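For the protein sequence lines, the chains are A and B, in the order given.
Numbered per numbering that gives the first Met the number 0, the first sequence finishes at 236, counting up by one with no gaps.
Numbered per numbering that gives the first Met the number 0, the second sequence finishes at 593, counting up by one with no gaps.
Worksheet for the structure shown next.
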Amino acid sequence: MATSTMEFKIYRYDPDRDAAPYMQDISVQVDFEIDRKLLDILTRLKGKDDTLSYRRSCREGICGSDAMNINGKNGLACLTDIRDLKQPVVLRPLPGLPVIRDLIVDMTQFFKQYHSVKPYLINDSPRPERERLQSPEERDELNGLYECILCACCSTSCPSFWWNPDKFVGPAGLLNAYRFIADTRDEATNERLDDLEDPYRLFRCHSIMNCVDVCPKNLNPTRAIGKIKEMMLRRAI
Amino acid sequence: MSNSSIPVRKFDAVIVGAGGSGLRAAIQLSEGGLKTAVLSKVFPTRSHTVAAQGGVSASLGNSEEDHWHWHMYDTVKGSDWLGDQDAIEYMCRMAPEVVVELEHFGMPFDRTDEGKIYQRPFGGHMSNFGEKPVRRACAAADRTGHAMLHALYQRNVRANTQFFVEWMALDLIRDESGQVLGVIALEMETGEVVAFHAKATIFATGGAGRIYYSSTNAFINTGDGLGMAARAGIALEDMEFWQFHPTGVAGAGVLITEGVRGEGGILRNSDNERFMERYAPNAKDLASRDVVSRAMVTEINEGRGCGPNKDFVLLDITHLDPATIMKRLPGIREISIQFAGIDPIQAPIPVVPTCHYQMGGIPTNYKGQVVAADGVPVKGFYAAGEVACASVHGANRLGTNSLLDLLVFGKSSGDSVIEDLATGKVAHQDLPENFAERTLARLHRLNTQTGGSDVNETRLELQRTMQKHCGVFRFKDMLAEGVAKIVEIEKAVARTEIKDKSQVWNTARVEALELDNLIEVAKATLVSAEARKESRGAHVRDDAPDTAENPNGRDDANWHKHTLWQREGSSLSYKPVTMTPLTVETIALKTRSY
Chain A
0 MATSTMEFKI
10 YRYDPDRDAA
20 PYMQDISVQV
30 DFEIDRKLLD
40 ILTRLKGKDD
50 TLSYRRSCRE
60 GICGSDAMNI
70 NGKNGLACLT
80 DIRDLKQPVV
90 LRPLPGLPVI
100 RDLIVDMTQF
110 FKQYHSVKPY
120 LINDSPRPER
130 ERLQSPEERD
140 ELNGLYECIL
150 CACCSTSCPS
160 FWWNPDKFVG
170 PAGLLNAYRF
180 IADTRDEATN
190 ERLDDLEDPY
200 RLFRCHSIMN
210 CVDVCPKNLN
220 PTRAIGKIKE
230 MMLRRAI
Chain B
0 MSNSSIPVRK
10 FDAVIVGAGG
20 SGLRAAIQLS
30 EGGLKTAVLS
40 KVFPTRSHTV
50 AAQGGVSASL
60 GNSEEDHWHW
70 HMYDTVKGSD
80 WLGDQDAIEY
90 MCRMAPEVVV
100 ELEHFGMPFD
110 RTDEGKIYQR
120 PFGGHMSNFG
130 EKPVRRACAA
140 ADRTGHAMLH
150 ALYQRNVRAN
160 TQFFVEWMAL
170 DLIRDESGQV
180 LGVIALEMET
190 GEVVAFHAKA
200 TIFATGGAGR
210 IYYSSTNAFI
220 NTGDGLGMAA
230 RAGIALEDME
240 FWQFHPTGVA
250 GAGVLITEGV
260 RGEGGILRNS
270 DNERFMERYA
280 PNAKDLASRD
290 VVSRAMVTEI
300 NEGRGCGPNK
310 DFVLLDITHL
320 DPATIMKRLP
330 GIREISIQFA
340 GIDPIQAPIP
350 VVPTCHYQMG
360 GIPTNYKGQV
370 VAADGVPVKG
380 FYAAGEVACA
390 SVHGANRLGT
400 NSLLDLLVFG
410 KSSGDSVIED
420 LATGKVAHQD
430 LPENFAERTL
440 ARLHRLNTQT
450 GGSDVNETRL
460 ELQRTMQKHC
470 GVFRFKDMLA
480 EGVAKIVEIE
490 KAVARTEIKD
500 KSQVWNTARV
510 EALELDNLIE
520 VAKATLVSAE
530 ARKESRGAHV
540 RDDAPDTAEN
550 PNGRDDANWH
560 KHTLWQREGS
570 SLSYKPVTMT
580 PLTVETIALK
590 TRSY
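Encoded structure:
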């Protein structure tokens with residue numbers, strides 16, 4: 000057993016007890032042969048100090064609960080390999096959203112923007128008895144879009160979202176908007192484009208591409224945003 | 000009127016849980032115009048349905064001939080004849096309708112060349128009453144649960160469903176007559192405790208796989224609905240039956256879908272032998288999950304495991320076209336690289352059977368109404384999905400029937416609520432005096448406990464006990480010892496202590512309250528398992544071996560019946576298996592082989 004000490008600096012804030020947030024220094028014994036993921040280490044820390052607060056659920060990168068800022072970059076604790084981390088490992092809540100406690104942020108604004116793009120299939124034609132047909136090629140257009148886990152890593156790494164979280168839809172919301180625009184079964188493409196044709200909702204994206212850099216599912220919101228812009232342009236000609 | 004000092008909010012219906020079944024029920028209620036509250040410990044798309052991978056079954060026949068009656072036969076056989084045949088017929092008949100409906104909601108299924116929903120083979124799915132494998136599992140790559148959960152949530156956004164996100168339900172409210180009047184719940188962000196007073200309460204709280212040390216389940220799967228029901232005097236059915244999924248990543252426990260074997264994956268031992276040919280000559284790697292898990296453990300126990308400790312077997316897809324892997328199994332490749340450090344295109348994945356699914360639960364009929372032992376519905380109470388026992392899975396669930404279960408019974412429970420409210424069968428009743436007393440006492444005890452037991456350590460002790468005493472193979476003496484151990488652990492659970500006394504987002508308190516639920520599930524499981532002196536489906540004991548009189552150790556003469564566990568006195572009773580389907584002939588008892 001080759002155990003070694005790992006140093007952490009963790010953002011702590013409990014509104015019931017703390018006047019202001021602070022960074023807590025913590026050392027942990029880890030075995031790099033066995034211990035793999037940051038979430039495993041957080042679980043161990045919580046076992047020792049039950050006041051440490053963060054969200055987590057599936058521990059396999061599909062539920063999107065444990066997004067946080069890890070050494071300055073947003074990511075999922077459950078998919079972050081501890082061997083890749085520079086020490087001391089600095090853990091902070093996702094930037095740009097109000098902190099509720101420790102690593103837990105208030106995601107209301109994020110979900111409000113997601114909901115604003117009408118993230119559901121709109122098709123008011125009479126329902127056929129069987130499935131609506133879609134060719135494999137048409138279905139392939141949804142790849143890289145439908146896999147979003149709403150973890151908010153992208154939107155909370157986007158400077159445009161930090162500055163205008165109430166007006167700019169943000170990369171996650173826009174990726175999901177395009178997921179329905181790209182769906183051949185959806186009949187609301189024009190309304191969706193009208194809704195986004197706005198100096199803030201879509202056009203605050205300046206292709207900084209932080210979203211692409213941090214997405215734990217390797218999705219590309221910038222590309223989706225580009226496609227939306229392209230469709231608007233084509234529509235205008 | 001009540002003198003309990005907590006706020007009360009009134010609804011037509013309250014749904015606890017926002018995974019697949021809760022969201023499917025919510026669509027019925029919201030679109031049906033009922034004032035509905037949906038409570039969830041996590042944001043809906045973080046519910047564990049999201050982790051389902053391989054598919055949802057329906058006899059659409061998109062790639063080859065299929066029939067709901069064959070699906071029904073497979074499900075009855077998969078259940079080792081413990082499933083209720085009325086509920087199974089209902090589920091299999093409804094399958095094409097609810098899956099097509101889901102497609103209309105926007106589910107991004109993969110497609111066949113004709114543009115229809117793509118279907119793949121899966122364990123135990125056969126055509127013509129067990130003859131040969133059939134493509135019945137409707138899939139969105141290997142992310143079917145994720146695609147389904149998001150589609151269901153999105154449909155609820157459209158329907159304007161009212162969610163209470165990051166609220167944990169603590170206890171069921173029942174009156175003197177036994178009618179269910181809602182739940183008491185904790186808002187995690189504020190620490191506030193509120194009563195949700197409802198005409199109808201639907202439990203859709205999912206499973207409790209976290210009673211085991213090694214589990215594919217999420218942290219949140221702590222059996223909250225089972226704990227609440229047990230404390231409120233509702234019996235739990237068939238809790239001895241737990242599914243160990245054959246392919247969890249060794250060491251990490253993360254699920255690798257059976258769809259991998261559906262796409263052609265093969266299990267191999269240390270001799271590189273495709274050992275399933277010996278255990279299931281016909282279905283091979285696509286035999287039922289209990290059968291494959293036992294074969295794997297047998298290989299490991301007999302020294303043919305792989306790795307330095309010979310403690311896992313290999314799931315091999317290196318012979319598949321990399322393009323197929325990238326198209327049909329992209330998520331599996333990611334998981335394997337992340338959690339096993341192996342790219343399955345190049346090398347096989349180390350896997351072990353891992354706790355995955357609870358076949359038992361809160362007894363319901365096929366309408367999603369919770370029923371007492373005599374079959375009479377408990378007024379105002381409904382359940383669907385993994386928390387419920389309809390019973391469609393009996394002693395062993397077929398792969399992809401879980402996603403189908405939550406669509407079918409999520410919908411039927413919602414429809415039952417609408418009907419029971421419309422016909423006046425259930426209406427608002429006054430809350431009893433001191434309805435919140437027990438819950439508040441539990442919270443007070445937790446806030447003031449000193450010199451108590453550690454939540455984390457107690458939970459670990461519980462999980463290790465379950466793993467050791469009630470696993471893939473079960474032993475008479477170990478089961479008895481396990482029951483004694485759980486009784487000891489129960490005492491520690493009753494005096495857990497938390498250091499964190501804050502009101503705001505106190506996850507220590509939440510975990511302690513979850514442990515109150517885990518212990519009920521663990522106890523129900525061990526006590527029910529110890530008592531069932533036969534082998535059936537996922538419950539296999541050393542003292543009930545394969546004999547001429549009782550093939551596979553199954554003893555129909557004495558044990559063809561459902562277990563009911565009552566928390567009060569930890570007592571057991573039994574009820575008959577429903578062998579009469581709704582419209583077709585009974586599928587008669589038969590020895591199970593694949």
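Ideal Cβ positions, reconstructed from N, Cα and C, are used throughout, including at glycine.
Source: prediction; values computed, not measured.
Which same chain residues end up closer than 6 Å to residue i when comparing Cβ atoms and leaving out the 5 residues on each side of it in sequence?
{"i": "V407 of chain B", "result": "M90, M93 and V97"}
{"i": "G263 of chain B", "result": "L319"}
{"i": "D289 of chain B", "result": "N395, G536 and A537"}
{"i": "M0 of chain B", "result": "Legend: pLDDT at M0 of chain B = 39, less than 50; position of this residue unreliable, value from coordinates given subsequently. Cβ within range, chain order: n/a, list empty."}
{"i": "A507 of chain B", "result": "I497 and D499"}
Which residue marks the beginning of the beta strand (DSSP E) containing residue i, and which one marks its end?
{"i": "H244 of chain B", "result": "W241 to V248"}
{"i": "R8 of chain B", "result": "V7 to V15"}
{"i": "H103 of chain B", "result": "From DSSP, H103 of chain B is part of no beta strand (DSSP E) but of the alpha helix (DSSP H) over Q84 to F104."}
With residue i and residue j assumed to form a contact (beta carbons below 8 Å), what rounded beta-carbon distance in angstroms separates them?
{"i": "A389 of chain B", "j": "S412 of chain B", "result": "A389 of chain B to S412 of chain B, Cβ: 10 Å. No contact."}
{"i": "G114 of chain B", "j": "S134 of chain A", "result": "5 Å"}
{"i": "V526 of chain B", "j": "S572 of chain B", "result": "About 12 Å separates the two Cβ atoms, so there is no contact after all."}
{"i": "G261 of chain B", "j": "L254 of chain B", "result": "So it is not a contact: roughly 14 Å between Cβ atoms."}
{"i": "D499 of chain B", "j": "D49 of chain A", "result": "5 Å"}
{"i": "V503 of chain B", "j": "I99 of chain A", "result": "7 Å"}
{"i": "A76 of chain A", "j": "L37 of chain A", "result": "4 Å"}
{"i": "L93 of chain A", "j": "T183 of chain A", "result": "Rounded, the Cβ-Cβ distance is 34 Å, inconsistent with contact."}
{"i": "T74 of chain B", "j": "N281 of chain B", "result": "The Cβ separation is near 18 Å, so there is no contact."}
{"i": "H559 of chain B", "j": "V583 of chain B", "result": "The Cβ separation is near 20 Å, so there is no contact."}
Residues of chain A with a CB under 7 Å from the CB of residue i: which are they?
{"i": "V156 of chain B", "result": "H114, P118 and Y119"}
{"i": "E102 of chain B", "result": "E130 and R131"}
{"i": "E188 of chain B", "result": "I99"}
{"i": "N433 of chain B", "result": "Those within 7 Å of N433 of chain B in chain A number zero; the least Cβ separation is about 28 Å."}
{"i": "T506 of chain B", "result": "S52"}
{"i": "D499 of chain B", "result": "D49 and T50"}
{"i": "H443 of chain B", "result": "Within chain A, no residue comes near H443 of chain B; the closest Cβ sits about 18 Å away, beyond 7 Å."}
Just to confirm my understanding: we take residue i, look at its own chain, exclude 5 residues before and 5 after, and list those with CB closer than 7 Å. What are they?
{"i": "E487 of chain B", "result": "none"}
{"i": "Q28 of chain A", "result": "T2 and T4"}
{"i": "A168 of chain B", "result": "V15, L38, V182, A184, D223 and M227"}
{"i": "Y113 of chain A", "result": "L149, A171, G172 and N175"}
{"i": "C210 of chain A", "result": "C153, S156, C157, P170, P220 and T221"}
Which bits of chain A does residue i rub up against, with CB to CB less than 8 Å?
{"i": "K34 of chain B", "result": "In chain order: nothing, as chain A lies at least about 20 Å away."}
When DSSP builds the beta bridges, which residues end up paired with residue i?
{"i": "V454 of chain B", "result": "According to DSSP, V454 of chain B bridges with nothing at all."}
{"i": "D170 of chain B", "result": "B:I183"}
{"i": "Y21 of chain A", "result": "A:R11"}
{"i": "H196 of chain B", "result": "B:K9 and B:G181"}
{"i": "G129 of chain B", "result": "According to DSSP, which records beta bridges pairwise, G129 of chain B is partnered with nothing at all."}
Tell me which same chain residues have a C-beta within less than 8 Å of the C-beta of residue i, skipping the five on either side of it?
{"i": "A199 of chain A", "result": "Position check: residue 199 of chain A holds Tyr in this sequence, whereas Ala was assumed. Result list for Y199 of chain A: N163, K166 and F167, in chain order."}
{"i": "A1 of chain A", "result": "D30, F31 and E32"}
{"i": "D342 of chain B", "result": "R332, S335 and I336"}
{"i": "G105 of chain B", "result": "A150, Q153 and R154"}
Please find out if some non-hydrogen atom of the ligand COA comes closer than 7 Å to the beta-carbon of residue i.
{"i": "G450 of chain B", "result": "In the structure on display, the ligand COA does not appear, and there are no ligands present to speak of."}
Would you mind telling me which residues of chain B sit closer than 7 Å to residue i, beta carbon to beta carbon, in chain order?
{"i": "C57 of chain A", "result": "H47, V49, A50 and A217"}
{"i": "L149 of chain A", "result": "T44"}
{"i": "P14 of chain A", "result": "V503"}
{"i": "S64 of chain A", "result": "V41 and R45"}
Taking Cβ-Cβ distances shorter than 8 Å, what residues in chain B pair up with residue i?
{"i": "Q28 of chain A", "result": "Result: empty, since nearest Cβ-Cβ is about 16 Å, beyond 8 Å."}
{"i": "E229 of chain A", "result": "The contacting residues do not exist; E229 of chain A stays about 22 Å from chain B at best."}
{"i": "R138 of chain A", "result": "P107, F108, D109 and R110"}
Between which two residues does the alpha helix (DSSP H) containing residue i stretch?
{"i": "Y177 of chain A", "result": "G169 to I180"}
{"i": "Y72 of chain B", "result": "W67 to G77"}
{"i": "S292 of chain B", "result": "R288 to N300"}
{"i": "N209 of chain A", "result": "N209 to V213"}
{"i": "R43 of chain A", "result": "L37 to K47"}
In chain B, what lies closer than 9 Å to residue i by C-beta?
{"i": "Y21 of chain A", "result": "Near Y21 of chain A there are no residues of chain B at all, since even the closest Cβ is about 16 Å away, more than 9 Å."}
What residues of chain A sit near residue i, judged by a beta carbon separation below 9 Å?
{"i": "G114 of chain B", "result": "E130, R131, L132, Q133, S134, P135, E137 and R138"}
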